[in-house]
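Enquirer:
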Amino acid sequence: NAGVTQTPKFQVLKTGQSMTLQCAQDMNHEYMSWYRQDPGMGLRLIHYSVGAGITDQGEVPNGYNVSRSTTEDFPLRLLSAAPSQTSVYFCASRQGAGETQYFGPGTRLLVL
Amino acid sequence: TQLLEQSPQFLSIQEGENLTVYCNSSSVFSSLQWYRQEPGEGPVLLVTVVTGGEVKKLKRLTFQFGDARKDSSLHITAAQTGDTGLYLCAGRYSGGSNYKLTFGKGTLLTVNP
Chain A
487 NAGVTQTPKF QVLKTGQSMT LQCAQDMNHE YMSWYRQDPG MGLRLIHYSV GAGITDQGEV
547 PNGYNVSRST TEDFPLRLLS AAPSQTSVYF CASRQGAGET QYFGPGTRLL VL
Chain B
56 TQLLEQSPQF LSIQEGENLT VYCNSSSVFS SLQWYRQEPG EGPVLLVTVV TGGEVKKLKR
116 LTFQFGDARK DSSLHITAAQ TGDTGLYLCA GRYSGGSNYK LTFGKGTLLT VNP
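Here's what the structure looks like:
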């Protein structure tokens with residue numbers, strides 16, 4: 487049972503490039519979400535999903551897209567990277583709204 | 056936008072000392088969670104409190120939920136170097152989305168040997 491996995495661990499992009507951050511969980515959880523963590527800002531919700539085929543925006547969704555075609559996977563896409571998107575990105579999952587939320591190890595992204 | 060204030064932002068103490076960190080909001084929580092995050096890793100859930108006045112203990116850690124469910128505290132007794140990390144509180148607000156958690160900015164604790 488690997489829990490929540492994220493790839494890559496580190497990534498450097500140039501402004502304007504696109505990329506996809508991968509997230510997978512093997513716990514059959516319905517709820518998945520993406521957060522970004524910046525110094526002095528805490529964790530902020532980007533997008534979330536309450537099940538396959540269902541996604542919604544969080545607190546800071548601009549510049550990011552998501553899709554949820556399977557229960558296991560919840561990729562985050564940066565369409566045109568900007569320096570303001572330099573951050574640490576965490577994926578999380580849980581079975582239900584009040585259940586324990588499990589975080590992945592994070593992806594550290596630097597946009598030059 | 057509902058805000059969740061944590062204090063202090065930074066705390067550096069010696070091993071063996073006691074400490075308390077706080078999490079406050081002007082809004083009522085339906086539930087509140089505390090997480091610990093170590094460098095280079097994701098946050099790990101420590102506890103969830105849901106009832107006003109609730110007290111939960113996890114070894115040397117004591118969590119308290121305010122009677123009005125607007126605030127919470129984490130008390131560590133006889134801190135150890137292994138307690139070093141970022142402590143985050145996260146709340147689900149009454150009347151808000153059942154799914155969304157709002158995180159505080161965290162308290163960075165350093166326990167020196």
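The listed protein sequences correspond, in order, to chains A and B. Quick note, the first sequence lines up with residues 487 to 598 if you use the working numbering. Quick note, the second sequence lines up with residues 56 to 168 if you use the working numbering. No residue lacks a Cβ here, since even glycine has one placed at the ideal position from N, Cα and C.
Can you give me the start and stop residues for the beta strand (DSSP E) that Tyr77/B sits inside?
Expert: To locate residue 77/B, count along the second sequence from 1; it is residue 22. Tyr77/B: member of the beta strand (DSSP E) spanning Leu74 to Asn79, first to last residue.
Enquirer: Nearest-angstrom Cα distance between Glu558/A and Arg522/A?
Expert: For the purposes of this step, residue 558/A is taken as the residue at position 72 of the first sequence. For the purposes of this step, residue 522/A is taken as the residue at position 36 of the first sequence. Computed Cα separation, rounded: 20 Å.
Enquirer: Please state whether DSSP places Thr136/B in a helix, a strand or coil.
Expert: The count along the second sequence starts at 1 and reaches residue 136/B at position 81. Of the three classes helix, strand and coil, the one that applies to Thr136/B here is helix, per DSSP.
Enquirer: Can you confirm whether Leu529/A, when its beta carbon is compared against all beta carbons of chain B, has any partner nearer than 7 Å?
Expert: Reading the first sequence from its first residue, position 43 is the one you call residue 529/A. Closer than 7 Å to some Cβ of chain B, the Cβ of Leu529/A qualifies, so yes.
Enquirer: Is the shortest distance between the beta-carbon of Lys160/B and the beta-carbons of chain A less than 7 Å?
Expert: Numbered from 1 along the second sequence, position 105 holds the residue referred to as residue 160/B. It does: the Cβ of Lys160/B has a partner Cβ on chain A nearer than 7 Å.
Enquirer: Do the CB positions of His533/A and Arg580/A come within less than 7 Å of each other?
Expert: Indexing the first sequence from 1 puts residue 533/A at position 47. Indexing the first sequence from 1 puts residue 580/A at position 94. Going by C-beta atoms, His533/A is not nearer than 7 Å to Arg580/A.
Enquirer: Gly159/B and Gly526/A - do their beta-carbons sit closer together than 7 Å?
Expert: As a position in the first sequence, residue 526/A is number 40, starting the count at 1. As a position in the second sequence, residue 159/B is number 104, starting the count at 1. For Gly526/A and Gly159/B, no; Cβs fall outside 7 Å.
Enquirer: Look at the alpha carbon of Thr117/B and the alpha carbon of Trp520/A, and state the distance between them as a whole number of angstroms.
Expert: As a first step, residue 117/B is located in the second sequence; it is residue number 62 there, counting from the start. As a first step, residue 520/A is located in the first sequence; it is residue number 34 there, counting from the start. Answer to the nearest angstrom: the Cα atoms are 29 Å apart.
Enquirer: Relative to the alpha-carbon of Val597/A, which residue among Gln503/A, Lys495/A, Thr491/A and Tyr550/A has its alpha-carbon at the smallest distance?
Expert: As a first step, residue 597/A is located in the first sequence; it is residue number 111 there, counting from the start. Minimum Cα distance to Val597/A is reached at Gln503/A.
Enquirer: Quick check on Gly489/A - is its C-beta less than 7 Å from some C-beta in chain B?
Expert: Position 3 of the first sequence, counted from the first residue, corresponds to residue 489/A. With 7 Å as the cut-off, Gly489/A does not count as an interface residue toward chain B.
Enquirer: Beta strand (DSSP E) containing Asn551/A: first to last residue?
Expert: Position 65 of the first sequence holds residue 551/A. Residues Tyr550 to Val552.
Enquirer: Which term fits Val498/A, buried or exposed, when burial requires 16 or more other beta carbons within 10 angstroms of its beta carbon?
Expert: Here residue 498/A corresponds to residue number 12 of the first sequence, with the count starting at 1. So Val498/A counts as exposed.
Enquirer: Have a look at Lys114/B and Pro63/B and give me their C-alpha separation to the nearest angstrom.
Expert: If you number the second sequence from 1, residue 114/B lands on position 59. If you number the second sequence from 1, residue 63/B lands on position 8. Whole-angstrom Cα-Cα distance: 22 Å.
Enquirer: Just to confirm my understanding: we take Pro94/B, look at its own chain, exclude 5 residues before and 5 after, and list those with CB closer than 7 Å. What are they?
Expert: In the second sequence, residue 94/B corresponds to position 39, counting from 1. Same-chain partners within the cutoff: there are none.
Enquirer: Where do the N-terminal and C-terminal ends of the beta strand (DSSP E) with Ala568/A fall, by residue?
Expert: Counted from its first residue, the first sequence places residue 568/A at position 82. Counting along the chain, Ala568/A falls outside any beta strand (DSSP E), and DSSP gives it neither H nor E.
Enquirer: For chain B, find out if any of its Cβ atoms is closer than 7 Å to the Cβ of Phe496/A; answer yes or no.
Expert: By one-based count along the first sequence, residue 496/A stands at place 10. Not an interface residue.
Enquirer: Any C-beta of chain B sitting closer than 7 Å to the C-beta of Arg560/A?
Expert: Position 74 of the first sequence holds residue 560/A. It should be pointed out that residue 560/A corresponds to Phe in this sequence rather than to Arg. So, not an interface residue.
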